[in-house]
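Here's the structure we're looking at; comments come further down.
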Amino acid sequence: MFSFQSKKIYLFMFMGIQLVVIALLSREAYKKRVTYFIPILRKDNASIPTGRNQTSTAVVANGGDVYANLSRLSKAHSQGENLTYCPKTSPLIGGPIHVSFRSGLTMQEVQRKNPLVVRGGRYRPPDCEARHRTAIIIPHRHREHHLKFLLYFLHPFLQRQQLNYGFYVIHQAGNYTFNRAKLMNVGFREAMKEEDWDCLFFHDVDLIPEDDRNTYMCDTNPKHAAIAMDKFGYKLPYKMYFGGVSALSPLHYLKMNGFPNNYWGWGGEDDDIGVRVSLAGMSISRPSLKVGRYKMIKHKLDKGNDVNPKRFNMLAKTRQTWKQDGMNTVEYRVISREYHPLYTNITVDIGTEAGLPPPPPPPPKAAAMSATQKV
Ligand code: UD2
Ligand code: MN
Numbered sequence: 001m002f003s004f005q006s007k008k009i010y011l012f013m014f015m016g017i018q019l020v021v022i023a024l025l026s027r028e029a030y031k032k033r034v035t036y037f038i039p040i041l042r043k044d045n046a047s048i049p050t051g052r053n054q055t056s057t058a059v060v061a062n063g064g065d066v067y068a069n070l071s072r073l074s075k076a077h078s079q080g081e082n083l084t085y086c087p088k089t090s091p092l093i094g095g096p097i098h099v100s101f102r103s104g105l106t107m108q109e110v111q112r113k114n115p116l117v118v119r120g121g122r123y124r125p126p127d128c129e130a131r132h133r134t135a136i137i138i139p140h141r142h143r144e145h146h147l148k149f150l151l152y153f154l155h156p157f158l159q160r161q162q163l164n165y166g167f168y169v170i171h172q173a174g175n176y177t178f179n180r181a182k183l184m185n186v187g188f189r190e191a192m193k194e195e196d197w198d199c200l201f202f203h204d205v206d207l208i209p210e211d212d213r214n215t216y217m218c219d220t221n222p223k224h225a226a227i228a229m230d231k232f233g234y235k236l237p238y239k240m241y242f243g244g245v246s247a248l249s250p251l252h253y254l255k256m257n258g259f260p261n262n263y264w265g266w267g268g269e270d271d272d273i274g275v276r277v278s279l280a281g282m283s284i285s286r287p288s289l290k291v292g293r294y295k296m297i298k299h300k301l302d303k304g305n306d307v308n309p310k311r312f313n314m315l316a317k318t319r320q321t322w323k324q325d326g327m328n329t330v331e332y333r334v335i336s337r338e339y340h341p342l343y344t345n346i347t348v349d350i351g352t353e354a355g356l357p358p359p360p361p362p363p364p365k366a367a368a369m370s371a372t373q374k375v
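Rendered as structure tokens:
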């Protein structure tokens, strides 16, 4: 039997518990409302949670801001060596990306938007150990304007994929005819000197990926990533096409003796590379048409990169030439290596069709020194 007194105590206790429950519930709802509005306030529209268990994987139909999701990364690297591996699929991936080229963008702005990128254009995830190490190799001359846009889009794109990555711009010195494939060979050797990269992405400076599910990691076979480009109506132009952006592991690259060194001027080298893949006993892997989408910044044919009239004759002979010309014969002279905030620039003399010029004479002081050493 309960007395009136104890009934009152139970009543108070019951009301108290109810109050605590109400308080907890309203706090939860408040949190949800806040997490809904924070991305809106930050304009992070690709990561707006729309329901239960919905995180950044939300796919935005007409493309989200490539910088969305990244504000959630901690600003500093976690201390200590024992970080756990990043998840197999990055939770920061958001699907289609909106790509447009606004005037007035500056390198300083790109730098400000990528605070975790360090000297030489290197990055690793701040809160987990990356599963993949990818080098981006960009053949380059007189395309600074395109480079700025590529860096603007590709840095956050790769951060969303939780990669350990680095950017290498391989700049051809002088005005002699451009040679895209030879610059790639230089990029391969110079990048591998610095780090044990497990994947190399050979990347035109003017191609911007439009979907971050196009992962910048290597497959078991050489991968052709730029399969659906706006300039080809987002379709593969022909089956053996290997131009624009391709990804090879160091083993793939050496197995096919790298790329050809003797394609001077525009065209043919990409098809030669595609043929090398199959001559070396490998096949081409590709992402889906939905994911391997790219926008090309519109441009005219550059000065110093005229169409190569010999390209069809050369292509007919790839079967005979691929073992004699490639990584095993590449000759060049590095003029400078500069570590910029968003990329490493390697300026290189790759010579001409006649070969490399003789090395410049040593500066007078060094010459005098070596003369005295000989005495
Ligand atoms: C196509 C291929 C490209 C390559 C080229 C023939 C596509 C999207 N790409 O590109 O992979 O096979 O045909 O050589 O189909 N570059 C400079 N400065 C120059 C010239 C070239 O930086 O003066 C670099 C730059 O990275 C550029 C790339 O070389 O993106 C390819 O040259 P392109 O853009 O002039 O050739 P394009 O668009 O016809
Ligand atoms: Mn182009």
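So for the sequence shown, full-length UniProt numbering puts the first residue at 1; every next one is plus one. Cβ coordinates follow ideal geometry from the N, Cα and C atoms, glycine included.
Any idea if residue i is buried or exposed, counting beta-carbon neighbours within 10 angstroms, 16 or more meaning buried?
{"i": "Gln172", "result": "buried"}
{"i": "His146", "result": "buried"}
{"i": "Asn164", "result": "buried"}
{"i": "Glu28", "result": "Confidence at Glu28 is low in this model, with a pLDDT of 43, below 50, so the placement of that residue should be treated as unreliable; the coordinate-derived value is given next. The residue in question, Glu28, is exposed, as its Cβ has fewer than 16 Cβ neighbours within 10 Å."}
{"i": "Met229", "result": "buried"}
{"i": "Pro125", "result": "buried"}
{"i": "Ala354", "result": "exposed"}
{"i": "Cys86", "result": "buried"}
{"i": "Lys32", "result": "With a pLDDT of only 40 at Lys32, under the threshold of 50, the placement of this residue in the model should not be trusted, and no figure is reported."}
{"i": "Gly292", "result": "buried"}
{"i": "Ala247", "result": "buried"}
{"i": "Met256", "result": "buried"}
{"i": "Pro139", "result": "buried"}
{"i": "Lys223", "result": "buried"}
{"i": "Ala135", "result": "buried"}
{"i": "Thr215", "result": "buried"}
{"i": "Ile9", "result": "exposed"}
For residue i, does the three-state DSSP call read helix, strand or coil?
{"i": "Ile227", "result": "coil"}
{"i": "Arg131", "result": "coil"}
{"i": "Gly121", "result": "coil"}
{"i": "Pro364", "result": "helix"}
{"i": "Gly94", "result": "coil"}
{"i": "Gly265", "result": "coil"}
{"i": "Leu356", "result": "coil"}
{"i": "Gly64", "result": "strand"}
{"i": "Tyr176", "result": "coil"}
By alpha-carbon positions, which one of the options ends up nearest to residue i?
{"i": "Lys303", "options": "Arg119, Val334, Trp266", "result": "Trp266"}
{"i": "Tyr238", "options": "Asp270, Pro250, Lys255, His252", "result": "Asp270"}
{"i": "Gly244", "options": "Ile137, Glu194, Ser336, Leu342", "result": "Ile137"}
{"i": "Ile97", "options": "Asp204, Ser74, Pro357, Glu210", "result": "Glu210"}
{"i": "residue 388", "options": "Gly94, Ile350, Asn257, Asp212", "result": "Outside the shown range of the chain (1 to 375) lies residue 388, about which nothing can therefore be said."}
{"i": "Gly63", "options": "Asn328, Lys148, Pro91, Phe157", "result": "Phe157"}
{"i": "Ser288", "options": "Ala226, Ser246, Tyr343, Lys317", "result": "Ala226"}
{"i": "Gln111", "options": "Tyr332, Ser71, Arg143, His340", "result": "His340"}
{"i": "Thr89", "options": "Met107, Gln162, Asn82", "result": "Gln162"}
{"i": "Cys128", "options": "Lys235, Leu92, Met15", "result": "Leu92"}
{"i": "Asn185", "options": "Pro362, Phe259, Arg141, Arg337", "result": "Phe259"}
{"i": "Val99", "options": "Tyr67, Val277, Met13, Gly281", "result": "Tyr67"}
{"i": "Ile170", "options": "Pro363, Leu356, Asp349", "result": "Asp349"}
{"i": "Leu70", "options": "Arg160, Val205, Arg131, Ile297", "result": "Arg160"}
{"i": "His142", "options": "Lys300, Asp325, Pro309, Thr134", "result": "Lys300"}
{"i": "Ala191", "options": "Ser103, Gly166, Ser285, Lys365", "result": "Gly166"}
{"i": "Val205", "options": "Arg180, Asn308, Asp219", "result": "Arg180"}
{"i": "Ile284", "options": "Ile208, Gly121, Tyr253", "result": "Tyr253"}
{"i": "Lys310", "options": "Asp272, Gln108, Phe188, Leu154", "result": "Asp272"}
{"i": "Leu207", "options": "Arg189, Tyr234, Glu194", "result": "Tyr234"}
Over the uninterrupted alpha helix (DSSP H) stretch that includes residue i, give me the two end residues.
{"i": "Asp272", "result": "269-279"}
{"i": "Asn164", "result": "Unbroken run through Asn164 is the beta strand (DSSP E), 164-172; no alpha helix (DSSP H)."}
{"i": "Glu195", "result": "No alpha helix (DSSP H) contains Glu195, which DSSP labels as neither H nor E."}
{"i": "Val110", "result": "107-113"}
Between which two residues does the beta strand (DSSP E) holding residue i run?
{"i": "Phe149", "result": "Looking at the DSSP string, Phe149 is not in any beta strand (DSSP E); the run it does join, the alpha helix (DSSP H), is 144-160."}
{"i": "Phe202", "result": "199-203"}
Taking 7 Å as the cut-off, is the CB of residue i close to at least one heavy atom of the ligand FAD?
{"i": "His299", "result": "This structure lacks the ligand FAD; its bound ligands are the ligand UD2 and the ligand MN."}
Any alpha helix (DSSP H) of 4 or more consecutive residues that is wholly inside the stretch 205-255: Within the stretch 205-255, complete alpha helix (DSSP H) segments of at least 4 residues are found at 250-255, given in chain order.
Runs of alpha helix (DSSP H) lying entirely within the stretch 279-351, each at least 4 residues, in chain order: 311-315, 318-321
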